[in-house]
Structure formats: structure tokens, C-alpha cells
Amino acid sequence: MLRIADADGVRTLTLDRPERLNALTPALLADLIAALDDAAIDPAVRCLLLTGAGRGFCAGHDLGSDGKPGDDLRPDTVAAIMLRDSRALTLLRHMGKPTIAAVRGPAAGSGLLLAAACDLRVAADGAVFKLAFASAGRCGDPGGAYLLTRLLGAARARELFLLDEKIDAARALAIGLVTRVVADEALDAEAAALARRLAQGPTGAYAAIKRNLAAAETLAFEESIAAEAPGNARASLSHDGREAGLAFAERRPPVFRGW
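Under UniProt numbering, think of the first position of the sequence shown as 1, with each following residue one higher.
Written out as C-alpha cells, the structure is:
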């Protein structure tokens with residue numbers, strides 16, 4: 001259900017249910033969370049790439065497989081399950097390594113949110129995006145309103161949630177839902193090249209950048225300055241910080257080690 005591959009410091013996680021457009025089952029989601037947990041602490045992983053097998057990225061939760069919540073389930077029980085499952089979004093957003101989603105075909109519901117939780121999103125020109133929660137009589141997975149409001153702004157987030165319209169790749173790029181759009185046949189190579197580029201970079205500094213950006217969403221300006229200073233000092237005095245200066249002076253490419 002989930003394929004894991006490592007190359008050049010990049011760990012690629014591939015949702016592998018192409019016959020169902022990689023829709024999420026409880027087992028697949030559990031495997032994904034476990035793999036993300038492992039990637040977050042594995043020093044050999046310097047960048048994480050999330051993609052889907054076949055012609056789709058992820059069609060959201062597989063309601064045909066999971067079924068609807070039974071009448072005997074209490075709302076607090078379902079909420080607890082949703083909170084457990086939301087760890088996938090938390091890990092993609094906050095792990096101390098760059099995360100990239102490579103999106104081909106449909107990214108719907110929970111699948112769209114998995115992409116939104118990544119730092120960067122590369123989409124094939126045939127990719128389509130749809131929240132699909134309102135159409136299913138739902139308000140969305142925990143974390144979705146937060147991610148899309150910060151990614152797109154309040155007005156765009158409301159548009160996607162309330163109108164529940166399908167967004168093509170060009171529109172997704174225009175509103176900031178994706179980072180870049182490439183030809184379908186170039187998607188895998190483009191995403192892999194971007195992941196390798198980040199994996200070769202100063203991953204310790206990347207982790208600090210992600211912390212700073214996350215903190216900046218809630219802190220006042222002066223608080224953000226105070227929070228960023230210690231991390232910037234540590235990065236400047238790290239191996240990679242010193243290596244960047246040496247490489248510049250010696251007119252050679254830096255060799256970053258992630259610390």
C-alpha cells in the first residue's frame with residue numbers, strides 16, 4: 001500500500017493504490033504516519049517526497065472501503081480518530097526536513113490536505129484539486145482550515161471549502177495552491193530533481209527556517225525577531241554555516257552535512 005524508497009538523501013513515499021486513485025484506508029494512513037515518523041528522525045533522510053502511484057495523487061479517504069461511521073460510534077470517538085489521523089499533516093508540516101508533494105491527477109479531500117501540508121507542491125499540468133468535504137456533508141479534516149487559510153488567505157480558503165469547485169493546475173498555481181506546474185511527463189523528474197537539490201542543501205538551516213516560518217504565523221514582529229535570533233546564531237556557527245563561508249572564499253560549491 002505504501003512504497004518507500006531512498007536515494008541521494010531523499011526518501012520517497014508513494015501511496016500505492018492506483019486502482020482507487022490512492023484513496024486512504026485506515027491501514028494506508030497508519031503506514032503513512034509510521035513512515036513519516038521514521039523519516040522525521042532518520043538522519044539519513046534529508047528531504048521527503050510524497051507522491052501517488054498511477055494516474056492520481058490521492059482521492060482522499062476511501063469511503064467505499066472505510067464505510068461511514070457506524071450509528072454506535074460517539075462523536076468524541078470519531079473526533080479522537082480524526083485527531084490521530086491528523087498526525088500525518090503535522091509531521092509533513094513540522095518535521096525538520098523539507099517536504100515536497102508531487103501531484104499528478106486528482107488530489108481531493110484528505111489528499112489535497114496532505115499536499116497542502118508539504119512545504120512545496122509540484123503539480124502536473126493535468127492535476128486537479130477539489131476539497132469535496134461539503135459535497136460529502138462534512139466540514140473537513142482537522143487541520144484543513146488552518147492549512148488552507150494560511151496557504152491561500154481567508155477568502156480563497158472559504159471559496160474552496162464552501163463552493164467545493166474543482167480547480168485545475170493553472171488555477172491552483174494562480175492562487176498559490178501549488179508551487180510550480182510542469183508537463184505530466186516531466187513531473188517525476190522535476191520533483192526528484194527538486195528533492196535532490198534540497199537534500200544537498202543545509203538541512204539544519206532548513207529546519208530552523210521551517211520553525212521560524214511556523215512561529216511567524218502567531219508571533220508579533222518583535223517576538224518573531226527574538227525567536228529567530230538564537231536559531232540564526234546556531235546556524236551561522238554550525239558546520240554548514242562555516243562551510244558556506246569557506247566555499248565562497250575558495251570559489252567552490254559548498255558541501256553541506258546537515259549540522
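The beta-carbon is built from N, C-alpha and C at its ideal position, and this holds for glycine as well.
As the structure is a computational prediction, the values presented were derived from the model and not from experiment.
- DSSP, reduced to helix, strand and coil, places G231 within a helical segment of the structure shown.
- The beta-carbon distance between A88 and L29, rounded to whole angstroms, is 7 Å. This is short enough to meet the 8 Å contact definition.
- Using a 10 angstroms sphere on the CB of F256, the tally of other CB atoms reaches 16 or more, which defines it as buried.
- The C-beta of A117 has 16 or more other C-beta atoms within 10 Å across all chains shown, which makes the residue buried.
- Counting C-beta pairs closer than 8 Å gives fewer than three between the stretch 240 to 248 and the stretch 32 to 44, which falls short of the contact rule.
- The C-beta separation of L49 from T12 comes to about 5 Å, placing the pair in contact by the 8 Å criterion.
- A distance below 7 Å separates the beta carbons of A235 and A208.
- Per DSSP, the continuous alpha helix (DSSP H) segment holding L194 begins and ends at 187 to 199.
- Residue pairing by DSSP places I100 opposite L49, L120 in a beta bridge.
- Rounded to the nearest angstrom, the Cβ distance from P18 to G54 is 3 Å, consistent with a contact under 8 Å.
- For a cut-off of 8 Å, the C-beta gap from G60 to T14 is around 17 Å, too long to register as a contact.
- For L113, the three-state secondary structure derived from DSSP is helix.
- D76 has its alpha-carbon roughly 42 Å from the corresponding atom of R196.
- A residue is called buried once 16 or more other Cβ atoms fall within 10 Å of its Cβ, and M82, having fewer, is exposed.
- Cβ neighbours of L148 within its own chain (closer than 7 Å, five residues either side excluded): A116, A157, L160.
- When DSSP states are grouped into helix, strand and coil, F221 belongs to the helix group.
- Looking at the backbone, the Cα of C58 and that of L2 are separated by about 12 Å.
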